[in-house]
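Q:
Protein chains in written order, with this note's numbering: chain A, 1 to 556; chain B, 557 to 848.
(1) Within 10 angstroms of its Cβ, does residue 838/B collect 16 or more other Cβ (buried), or is it exposed?
(2) Which residue marks the beginning of the alpha helix (DSSP H) containing residue 605/B, and which one marks its end?
(3) To the nearest angstrom, how far is the alpha carbon of residue 336/A from that of residue 306/A?
(4) Once you ignore the five residues that flank residue 611/B on each side, which residues in its own chain have a CB closer than 7 Å to its CB?
(5) Can you name the residues of chain A whose CB is closer than 8 Å to the CB of residue 726/B?
(6) Spell out whether any CB of chain B is found under 8 Å from the CB atom of residue 186/A.
(7) For the segment 675-692 of chain B, list every residue whose C-beta sits within 7 Å of some C-beta in chain A, in sequence order.
(8) With DSSP collapsed to three states, give me the class of residue 49/A.
(9) Grab the span of the beta strand (DSSP E) containing residue 563/A for me, first residue to last.
(10) Considering only residues of the segment 786-842 of chain B, which uninterrupted alpha helix (DSSP H) runs meet the minimum length of 4 residues and lie entirely inside it, listed in chain order?
(11) For residue 701/B, which residues does DSSP report across the bridge?
(12) Rounding to the nearest angstrom, what Cα-Cα distance links residue 669/B and residue 663/B in this structure?
(13) Mind checking residue 438/A: buried by the 16 CB within 10 Å criterion, or exposed?
(14) Please state the DSSP three-state secondary structure of residue 506/A.
(15) Let's see if you can read the secondary structure: which residues bound the alpha helix (DSSP H) around residue 523/A?
(16) Mind checking if residue 207/A is an interface residue toward chain B, Cβ cutoff 8 Å exclusive?
(17) Contact criterion: CB-CB distance below 8 Å. Does residue 59/A meet it with respect to chain B?
(18) With DSSP run on the structure shown, which of helix, strand or coil describes residue 289/A?
(19) Looking only at C-alpha atoms, which of 433/A, 285/A, 417/A and 274/A sits nearest to residue 348/A?
(20) Taking C-beta pairs closer than 8 Å, name the residues in chain A that residue 607/B reaches, listed in chain order.
(21) Any residues in the segment 647-658 of chain B with a beta carbon nearer than 9 Å to a beta carbon of chain A? Which ones, in chain order?
(22) Could you tell me whether the segment 86-95 of chain A touches the segment 253-268 of chain A, where touching means 3 or more Cβ pairs closer than 8 Å?
(23) Roughly how many angstroms lie between the CA atoms of residue 615/B and residue 693/B, to the nearest whole one?
(24) If you follow the beta strand (DSSP E) that residue 188/A is in, where does it begin and where does it stop?
(25) Where do the ends of the alpha helix (DSSP H) carrying residue 757/B lie?
(26) Residue 55/A CB to nearest chain B CB: under 8 Å?
(27) Say whether chain B places a C-beta atom closer than 8 Å to the C-beta of residue 158/A.
(28) Would you say residue 562/B lies against chain A (beta-carbon separation less than 8 Å)?
(29) Of the residues 416/A, 211/A and 222/A, which one's Cα is nearest the Cα of residue 181/A?
(30) Would residue 724/B and residue 810/B qualify as a contact pair, given that the criterion is a beta-carbon distance under 8 Å?
(31) Count the other CB atoms within 10 Å of the CB of residue 755/B; is the residue buried (16 or more) or exposed (fewer)?
(32) Thinking C-beta only, is residue 707/B closer than 8 Å to residue 741/B?
(33) Applying a beta-carbon distance threshold of less than 9 Å, which residues of chain A neighbour residue 828/B?
(34) Any idea if residue 500/A is buried or exposed, counting beta-carbon neighbours within 10 angstroms, 16 or more meaning buried?
(35) Per DSSP, residue 390/A forms a beta bridge with which residues?
(36) By a C-beta neighbour count over all protein chains shown, 10 Å radius and 16 as the cutoff for buried, is residue 432/A buried or exposed?
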């Protein structure tokens, strides 16, 4: 773990602000070990706000959601821009650019209306906002009133045939009249994308008559198989239409955009830590006011919780408004939290205070983390002759790079990891992890539960982390499974971020070994989800379309 | 975003759009301009005469086949013209309109146009503006000027009139405006007069008349443009003249199309004139009936 400290030694002196770059000596080392020259990695595309929307992640960064193999191979492919989006002959599920949580998150924005320019069914998942957030007590900061200002153009046959521009126009007028919002978000759908609706035409035309700022988001489901595309499209629209030129720079304001799968407690922990430094957090998008979006340009820095999710916004804010950013590390685990705070300290002139804070926090929390580590060690000593416990994580690519060092802090091994998607934007971070933790297997899929079941069954990790959409929890005889939480989870034990989160999450993982009744009940009451032949399959990508794989890189 | 002059050429199917477009591209490139021609038709045959009769892989097929590399979608044609075919579905399936949207977005968002940085980009678009997809090239941020190719055939003029409706639809939203009408396959002065009258009735303007010529057909059969195959012919001069005019033309017209039955009423007068004219030519009599 000592290598993590490299962030601050002379080895890292040429680290630039903006994207995280591994130091030149580390680059050299990676080239020696892996034969990958990070100097040749593709540059991230500039953000062009003249365009109506962002490119999809496939185009922007050769994103994929199908891969299984060595992380070092994936890294090599990424540097050579050879990662491809291959086909599966069988798929269980997938994400929707509109609905894989973009819809529900936009719905929570205060003093705004969201218009689904879609058949009514496409908007149904927005109703989930209540289930997601009602568990958060008002005392913890959830607004008492969080009604959804939700409208849909309810597109039907006639609208598809004749075009629906007029309908959208009327809906915008109605939204203004009914709610007097500060912003009107338009979420587009497959339907409007296929018939080629001229959304910008309608918006340009009607905006002069409407007080609210109209923000069209191009999240047509058919655009992309990667849900990150929806977030890039959302940030593009926010940057293009909503963020204002700064009236004044706020030296103490820190933008933090995070994905939904960080809990409410993580918000509180981040506010607590930054509050101790005399800094304020501008949390977006959940429950943010329209004004918070407008003022994104005034912040001192944009800090990540998830680099892949925050990427487009961070780059855009820097390119258009000169707000500096960093994408790595995220505040997961002690070392990463130290690094995250130090980065923020640099941009806010709080370097000294940060060092004091780190010292103070570590004094308080480190003994707790150490005792968790010891307990894991005790378990492994008892069970496996000292062999470290193995954990298999199913995460977004952002969490992949932030969480693996944390598992190492806990004394856990990570033989493999799963990510929902992967793209060139995290090349440096992945290289860094491989260099620090050694090579590991990586599986990339968006909610292919069978693939996860196969990998889990063949690797037999002691602990598997998963999420409900990835197949949830299932019968396992010898190992344990935990499901990670979402933003709406306010329980202190569900926290993951910062120092208190690292301890809470460690305890959460530990409890899985101490109380196995959940696993026991599952084993007793449920049948295996798949037949034996599937679990015995050597290749979790059994359903990969080999034909499409053979075509890789071959031009006709 | 590219500073290139971007134009879109529309017209009824089979009217000679691709022939005119390819000759225009060839003539422009002979004048020293760097040209990119983008075929927006699932038939994938816009640029064949710029490439010795050979078709090229399309943007959409390239993506679909996972051959991956977007570098493989721009092909060099006659005199270094950058040839691109959007492509699209087989006849009878899928959605060709969505294909145009996807292909243009791909070209735009991957910086391909910026990489080649042409002086002029010409979109050669299938037929009529039948749906939102085929209107993509005339939307804000793509082409600035639209040309329509038409003959004196009623259905061709009908298609041109429909295009005017499409242009008008986007005209207040920053979309492309009309550059002018190119009269094609012209055999006699009555046909010219009819097209000229159509443009006067609709507040538009003829840019050039291109006479019907066996030279064009012969060159097409050889897989080349007239500019390449018969550079010294009178027809090649016509295309060169057209190229000069397109370069100079700053027209951004808002046409006033016919609605309802007005077009057919207008046309019926002209069709009688054309028929009479044909009869006169065929029977070798004078229009005023004086005979030989």
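Glycine included, each C-beta is placed from N, C-alpha and C at the ideal position.
A: So, to answer that:
(1) Exposed, by the Cβ-count rule.
(2) Residue 605/B -> no alpha helix (DSSP H), and no H or E assigned at all.
(3) 12 Å
(4) Shown here for residue 611/B: same chain residues with a beta carbon closer than 7 Å to its own, the five before and five after excluded, namely 600, 601 and 604 in chain order.
(5) Chain A residues near residue 726/B: 198 and 201.
(6) no
(7) Answer set for the segment 675-692 of chain B: 687, 688, 689, 691 and 692.
(8) Coil, per DSSP.
(9) With chain A covering 1 to 556 only, the question about residue 563/A has no answer from this structure.
(10) 790-804 and 818-839
(11) 563/B and 733/B
(12) 6 Å
(13) exposed
(14) helix
(15) 517-525
(16) no
(17) yes
(18) coil
(19) 274/A
(20) What residue 607/B touches in chain A: nothing, since even the nearest Cβ is about 16 Å away.
(21) 651, 653, 654, 656, 657 and 658
(22) The segment 86-95 of chain A and the segment 253-268 of chain A do not touch, with fewer than 3 CB-CB distances between them shorter than 8 Å.
(23) 16 Å
(24) 183-188 is the extent of the beta strand (DSSP E) around residue 188/A.
(25) 745-757
(26) yes
(27) no
(28) no
(29) Closest option to residue 181/A, judged by alpha-carbon separation, among 416/A, 211/A and 222/A: 211/A.
(30) yes
(31) buried
(32) yes
(33) Near residue 828/B there are no residues of chain A at all, since even the closest Cβ is about 35 Å away, more than 9 Å.
(34) buried
(35) 413/A
(36) buried
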